[in-house]
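Peer 1: Quick one: this structure, given as structure tokens, is what I'll be asking you about.
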Amino acid sequence: MAQRNRRRSLRAALAALTAALLLPVGAGVAAAAPDPGPTPSAAERKIEPKLRAQLDDSAKTVFWVYLDSAADLAAAGRQKTRTAKAETVLRAKREHAARSQAEVLKALDGAKAEYTSYWIVNAVRVVGSQKLAGTLAQRPEVSRIDADDKVTLPEPAEGKREKAGADAVEWNIDSIKAPQVWEQLGVRGEGIVVANIDSGVDYTHPAVNGQYRGKNADGSYDHNYNWFDPAGVCPTAAPCDNNDHGTHTMGTMVGDDGGANKIGVAPGAKWIAAKGCETNSCSEASLLAAGQWIVAPTDLNGQNPRPDLAPHVVNNSWGSATHDDWYQQIVDTWRAAGIFPAFSNGNSGPGCATSGSPGDYASSYSSGAFDINGAIASFSSRGAGPGGIIKPNIAAPGVNVRSSVPGGGYEAFSGTSMASPHTAATVALLWSAAPALEGDVAQTEQLLNGSAQDTDNGQCGGNAADNNVFGEGKLDAFAAASAAPRGAIGAVSGTVRSGGAPVAGAKVTATGPIGRTTTTAADGTYTFRSLSVGAYTLTAAKFGYGQETATATVTENATATGDFSLTQAPTGKLTGTVTSAAGPAAGATVTVTDTPVTATADAQGRFEVTLPHGTYEVRATHSSRCVTGGSARATVAGDATVSVSLPERTDGYGYACSTAGSRPYAAGDRQLALTGDNTTERVDLPFPVPLYGKTYGQAWIGTNGTVSFGGNNTGDVNGDIPSTATPNAALYPFWDDLVVGAAGSGSGVFTAVTGAAPHRTYVIEWRDVAHWSAQGDRFSFSAAIGEDGTVTYTYKGTGGTGIKGGSTATVGVENAAGTDAFKYSFNQAVITDGLAIAFKTTKSGVVTGRVLDANDGNGIAGATVTVGTGDTAVSATTAADGGYVVQSPSGSRAVSLTAPAYESAAATVDVKAADVTTVTQALRTGRVTAAKSAVEVVLPAGQKRTRTLDLSNPGLGTDFTVAEDAAWLTATPATGNLPTGGKSALTLAVDTSGLAAGTVLTADLKITSASGRAPVLTVPVKVVVPRYQVALDAGSDSTSTDTLGDGWSPDRKYTAGSYGYQGSSSVHSTGRTIAGTAEQRLLRNAREGMYEYRFDNVPNGTYTVELGFAELSSTKPNKRVFDVLAEGTQVLPSLDISLEAGTYTALTKTYTVTVTDGALNVRFVAHGGYGKPLLNSLRVTDRPDKS
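Take the sequence shown: its position 881, counted from the start at 1, is 891 in my numbering, and no numbers get skipped.
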């Protein structure tokens, strides 16, 4: 029995605690009611806490939405036959689910969410976001929203074979006296169908093959309505068992190979099966789907439910270790449909109150386990059950039980999983022996209880008749069958012929007080040995013959006769083709429903069969793990044709695979530093990689054949997928316990980049690696990851039935949440040498491109690109070059491109599945710039000045704001607008009042605008308060003020302790305009011939010397040439004003000098034979900021 961890035990504990707190505390003054606090939201009340912790709006999670109403099944109890009960249940359940789920499904469709509706529990399985779950929780008809859990199948304890009884009957079969039922009552389970919900069944096993309802009389098989694999685990449409568990439990019910292996309780019964457990675990989705299928089996496509083909008994050797009512509605539905629900009681003994669910339900009939000596097994769970009910209901053999296992072998296992099939098959014997009991679950339970061998054990309460160790006692099949109300019983026998020859394998059906079906033997004879007396309609039919009907009256202890003569039907030739997305499906197996006819498609996918006239469903399957079965209707009234298409097998997101075509092995060319066992290396991907709607920029490559985009994982044990256990968001080209050889050995992990954007491929190759257990046997494989969403695995040196074929490996792809995956194989040797598996998306495509700045044409980093709207929207952030990759659902999709401070852009694209669509857009934005990168103001203490800073905007029109961060600085205007091509002038006011000489202050002027490249433009402003400044208007005899507001003193002759010019000189002036300057007043006067300007009593430090020159006459070049020295350093050698600037044109020079002796000298040295030195303006300024 399996273990399951859920939350209702916590709910029960809280309920018990609440009840205790509500006990009365005696008389007295009533205490004030405590403040109940805020009312919980719908999400808090309805969403399971465990699920709330899992939900995330950035990812999708699997959860279950349960509705608050159930179908009324009372009408089923009034039906007379089991089939009528099942039909009534199916109709009531489906109609109620359709009505009550309508609004929820409408909301899910509107959100474009992935979901599956279930009618048997009135619930919906949803893959969605936190937002979607919260929205659903607000709906009044939603009662709760639960997390998705799994049940772990028990690994039965390996036992030893006990000595078999007479005629090789196993001890356990003998102990419940099943052989006495066979021999004394002549009943072996004929006419009864048993089922199990388990890990599957090996239908080819000789002990169960002949009892499979899907096996036709001619040895062919029809798996429709007889086998259900909801998760699609098995490689073909045929039953499989990848765990041993299901084949073992089925063998205990019906097993008998006709020789020495008599392992089953009811070997005359038929069996069908539902694979509710994918491997060693069982998902909620598979268990619910299996429970639903039991009520009304479907065809292999999950369509056309047939409640008339429901089993009589269903065995469930799985469950939790604690009470959990999640499967209660399924069990109740089975009972209402007349299906007996047998369960194991759990393997959590020897403690009391250890029964697990669903076996501990009052409506479930659960079995404990005893051994060959009749002692209860230590592991067998004990009661009591919920509410103090007796659990288990009964005890059956469960220690060292020998039964069938896949591959044709036999093993002895121990567990209550082995006990329950004894009880289930005993019900088959009862209903076969006493047809009036069929479908009467309650009366059958009474018979089992009343006939059980009382076994006293008071460990957990009770007495010999009823206790919580053995329940009602030990199972006794013969006592139960003997006590059954068999009533008057008779028989019918006969022969089916055609043209006088016997017809073998004809199906004969008896319909009357009870219903039974059998097939004719090789001589055309048949017998119904145990029929309730009364009138029956007998029908005989076989493929290729017309159907015939007869009547018979069954009387007590007598045998009536019903013979048939069948007529062969006219035939026609049906030719057809089988195709898949890859082309002709060569080797496809073709079957025709309800006929034994099969065919195999040739290399062109063609087939031909001969059929009687009529309308048929033609089905095709293929060994490829990339396709599922397909079907088509065909009418044969002569020669006819039909085409059958095999759909691609897809996961929930839409990933599909293909192994068709020739694809070369993909090798890497750069070796990673990845060696050894269980190690990983993180790599930055050469381009964004899309996977399941997310985009990744880095990956962790593991030696164990994994590529994880979601985080590091070094686990050496592969697992089934999907699974929420790490790794997730991963590729599994060959996930196994592998070893990569040391550097230089030839073994290694190599990478390469091939192709051109947007179809580049990143290759990761595991070269000459080996399994940890066989390190000398090497093989290679690779994963080629496309930026277009494709992934291709290629293999070299692989194959065989062992490790190199994948017998212990996982191959596939998985999403980030571990809720969806395309599983190519899990622990199955299907990887051959030269195999290439190409994965693509069938429901989504890739949108890629760049987001550019419309001003400069370069990429915008950090822009957001969103494809789609609502819950299906997918977003990506652009890289440094503005590039992005988004994997989006296919179809017409709205694309929005946004970035801070940019005008958004939009487009509509047709996203094609498995294709790339390019969307590149340039976003408009402002481009506010300043004419100066910095502003510098030199201003003596106690003065004010203004400066102008010009702004311009060649980009998109934008508002702007200006802010300064210093009290001495004011900018106006503080706000404004710059249209495209517009300009604006800022006035900067500087005030040095209160500032000490020698001060240097800085501030930042911040200009904020909708300019994408520089939304905040920072212009540094510096004010220098000099200790000393003299500005002389050379040649002028009056003061002046320049255009910046700075004052200039008249020229003066030097006197000791002061400043001025030295040497014999003259003054010149002009009224003409001086080109190249706004300072006309300063440069229209000049002094000529001085040899020096001297400034005394100057504070030592660093100074700027600003010189202004302009030729005020038509002096030609090479007529006036002189040198300028500042503080003894030549700063202007051979200055020729006319040559450098021309006449009547300004020439300014600025130099920095250091004063160390308290005097600053600027000397002018004439060149011999040339004109005298000339100067128009001179300013010396202390610059503490330059020291």
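Glycine included, each C-beta is placed from N, C-alpha and C at the ideal position.
Given G36, which residues of its chain have a CB within under 7 Å of its CB, disregarding the five upstream and five downstream residues?
Peer 2: Walking along the sequence shown from the start, residue 36 turns up at place 26. Below a pLDDT of 50, predicted positions are generally treated as unreliable, and G36, at 29, falls in that range; no measurement from the model is reported.
Peer 1: L440 to V264, Cα distance in whole Å?
Peer 2: As a first step, residue 440 must be located in the sequence shown, where it is residue number 430. As a first step, residue 264 must be located in the sequence shown, where it is residue number 254. Their Cα atoms are separated by approximately 14 Å.
Peer 1: Alpha carbon to alpha carbon, how far is F1174 from T1139? Give it in angstroms, no decimals.
Peer 2: The residue you call residue 1139 lines up with position 1129 of the sequence shown. The residue you call residue 1174 lines up with position 1164 of the sequence shown. Their Cα atoms are separated by approximately 11 Å.
Peer 1: Counting pairs of beta carbons, one from the region 138–151 and one from the region 84–94, are three or more of them closer than 8 Å?
Peer 2: The region 138–151, when compared against the region 84–94, does not touch it at the 8 Å Cβ threshold.
Peer 1: Who pairs with C292 in a beta bridge, going by DSSP?
Peer 2: The residue labelled residue 292 in the question sits at position 282 within the sequence shown. V161, per the DSSP bridge assignment.
Peer 1: On the criterion of 16 or more Cβ atoms from any shown chain inside 10 Å, does Q931 qualify as buried, or is it exposed?
Peer 2: As a working mapping, residue 931 is identified with position 921 in the sequence shown. Buried.
Peer 1: Quick check on the DSSP output: the beta strand (DSSP E) that includes W1058 runs from which residue to which?
Peer 2: On the sequence shown, position 1048 is the one that residue 1058 refers to. Segment 1057–1060, the beta strand (DSSP E) holding W1058.
Peer 1: What distance in whole Å lies between the Cβ atoms of G356 and A331, which are believed to be in contact at a cut-off of 8 Å?
Peer 2: Residue 331 sits at position 321 when you count from the first residue of the sequence shown. Residue 356 sits at position 346 when you count from the first residue of the sequence shown. Confirmed, about 6 Å.
Peer 1: Could you work out which residue in K60, T577, V1131, V136 is closest to A550 when comparing CA atoms only?
Peer 2: Here residue 550 corresponds to residue number 540 of the sequence shown, with the count starting at 1. Comparing Cα-Cα distances from A550 to each of K60, T577, V1131, V136, the minimum goes to T577.
Peer 1: Grab the span of the alpha helix (DSSP H) containing V1205 for me, first residue to last.
Peer 2: Since the first and last residues shown for the chain are 11 and 1197, residue 1205 lies out of range.
Peer 1: When the Cα of R1082 is compared with those of R1189, L1093, S367, which residue comes out closest?
Peer 2: Numbered from its first residue, the sequence shown carries residue 1082 at position 1072. For the residues R1189, L1093, S367, the minimum Cα distance to R1082 belongs to L1093.
Peer 1: Where does W336 sit, in a helix, a strand or coil, going by DSSP?
Peer 2: The sequence position of residue 336 within the sequence shown is 326, counting from 1. It is helical.
Peer 1: In angstroms, rounded to a whole number, what distance separates the CA positions of I870 and G859?
Peer 2: As a first step, residue 870 must be located in the sequence shown, where it is residue number 860. As a first step, residue 859 must be located in the sequence shown, where it is residue number 849. Cα to Cα, the separation comes out at about 12 Å.
Peer 1: Report the rounded CA-to-CA distance for R496 versus V179, giving the unit in angstroms.
Peer 2: Translated into positions along the sequence shown, residue 496 becomes position 486. Translated into positions along the sequence shown, residue 179 becomes position 169. Rounded to whole angstroms, R496 to V179 spans 26 Å at the Cα level.
Peer 1: Less than 8 Å between C-beta atoms, sequence neighbours within five positions excluded: which residues of the same chain meet that for Q1203?
Peer 2: Nothing in the structure corresponds to residue 1203, since the chain is present only between 11 and 1197.
Peer 1: Which full runs of the beta strand (DSSP E) of 3+ residues lie inside the region 798–865, going along the chain?
Peer 2: With a minimum length of 3 residues, the continuous beta strand (DSSP E) runs that stay inside the region 798–865 are 801–806, 820–824, 831–836, 846–851, 854–863.
Peer 1: Looking only at its chain, what residues have a beta carbon closer than 6 Å to the beta carbon of Q469, apart from the 5 residues adjacent to it on each side?
Peer 2: As a position in the sequence shown, residue 469 is number 459, starting the count at 1. These residues qualify, in order along the chain: V479.
Peer 1: Using a 10 Å radius around the Cβ and a threshold of 16 neighbouring Cβ atoms, would you call T685 buried or exposed?
Peer 2: Against the sequence shown, residue 685 aligns to sequence position 675. Buried, by the Cβ-count rule.
Peer 1: Would DSSP call H1177 helix, strand or coil?
Peer 2: The residue you call residue 1177 lines up with position 1167 of the sequence shown. Reduced to three states, the DSSP call for H1177 is coil.
Peer 1: Where do the N-terminal and C-terminal ends of the beta strand (DSSP E) with Q897 fall, by residue?
Peer 2: Along the sequence shown, one-based indexing puts residue 897 at 887. Residues 893–899.
Peer 1: Within 10 angstroms of its Cβ, does D159 collect 16 or more other Cβ (buried), or is it exposed?
Peer 2: One-based indexing of the sequence shown puts residue 159 at position 149. That one is buried.
Peer 1: Tell me whether K116 is buried or exposed, calling it buried when 16 or more other Cβ atoms sit within 10 Å of its Cβ.
Peer 2: In the sequence shown, the residue the question calls residue 116 occupies position 106. Exposed, by the Cβ-count rule.
Peer 1: Report the three-state DSSP secondary structure of V929 (helix, strand or coil).
Peer 2: Taking the sequence shown and counting its residues from 1, one reaches residue 929 at position 919. DSSP places V929 in coil when its eight states are reduced to three.
Peer 1: May I ask you to report which of helix, strand or coil DSSP gives L701?
Peer 2: Mapped onto the sequence shown, residue 701 falls at position 691. Here L701 sits in strand by DSSP.
Peer 1: Would you identify the three-state DSSP class for K280, choosing helix, strand or coil?
Peer 2: Within the sequence shown, residue 280 is the residue found at index 270, counting from 1. K280 falls in the strand class under three-state DSSP.
Peer 1: Would you kindly work out how many angstroms separate the C-alpha atoms of T1227 and V600, rounded to a whole number?
Peer 2: Summary: the structure shown does not reach residue 1227, with the chain confined to residues 11 through 1197, and so no result is reported for it.
Peer 1: My output table needs one value for V131: the three-state DSSP class, helix, strand or coil.
Peer 2: Counted from its first residue, the sequence shown places residue 131 at position 121. V131: coil per DSSP, three-state reduction.
Peer 1: Which one of Q339, D466, D318 has the shortest CA to CA distance from I386?
Peer 2: As a working note, residue 386 is residue 376 in the sequence shown. Minimum Cα distance to I386 is reached at D466.
Peer 1: Would DSSP call Q557 helix, strand or coil?
Peer 2: Counting from 1 along the sequence shown, the entry for residue 557 is found at position 547. Coil.
Peer 1: Have a look at N252 and G500 and give me their C-alpha separation to the nearest angstrom.
Peer 2: In the sequence shown, residue 252 corresponds to position 242, counting from 1. In the sequence shown, residue 500 corresponds to position 490, counting from 1. One C-alpha to the other measures close to 43 Å.
Peer 1: T980 and E974 look like a contact to me (Cβ under 8 Å); what is the Cβ gap, rounded to whole Å?
Peer 2: Residue mapping note: residue 980 aligns to position 970 of the sequence shown, counting from 1. Residue mapping note: residue 974 aligns to position 964 of the sequence shown, counting from 1. So it is a contact: roughly 7 Å between Cβ atoms.
Peer 1: If you compare alpha carbons, which of P512, S390, T1112 is closest to V1163?
Peer 2: Translated into positions along the sequence shown, residue 1163 becomes position 1153. Cα-wise, what sits closest to V1163 is T1112.
Peer 1: From this set, L61, A438, R109, which residue's C-alpha is nearest V136's C-alpha?
Peer 2: Taking the first residue of the sequence shown as position 1, residue 136 is located at position 126. Answer by Cα proximity: L61.
Peer 1: Given T521, which residues of its chain have a CB within under 6 Å of its CB, disregarding the five upstream and five downstream residues?
Peer 2: To locate residue 521, count along the sequence shown from 1; it is residue 511. Within the same chain, T521 has close Cβ partners T547.
Peer 1: When the Cα atoms are used, what is the spatial distance from G3 to D787?
Peer 2: Lying outside 11 to 1197, the shown extent of the chain, residue 3 is not represented and no answer is given.
Peer 1: Between G378 and S390, which are expected to be in contact by the criterion C-beta below 8 Å, what is the C-beta distance as a whole number of angstroms?
Peer 2: Residue mapping note: residue 378 aligns to position 368 of the sequence shown, counting from 1. Residue mapping note: residue 390 aligns to position 380 of the sequence shown, counting from 1. So it is a contact: roughly 4 Å between Cβ atoms.
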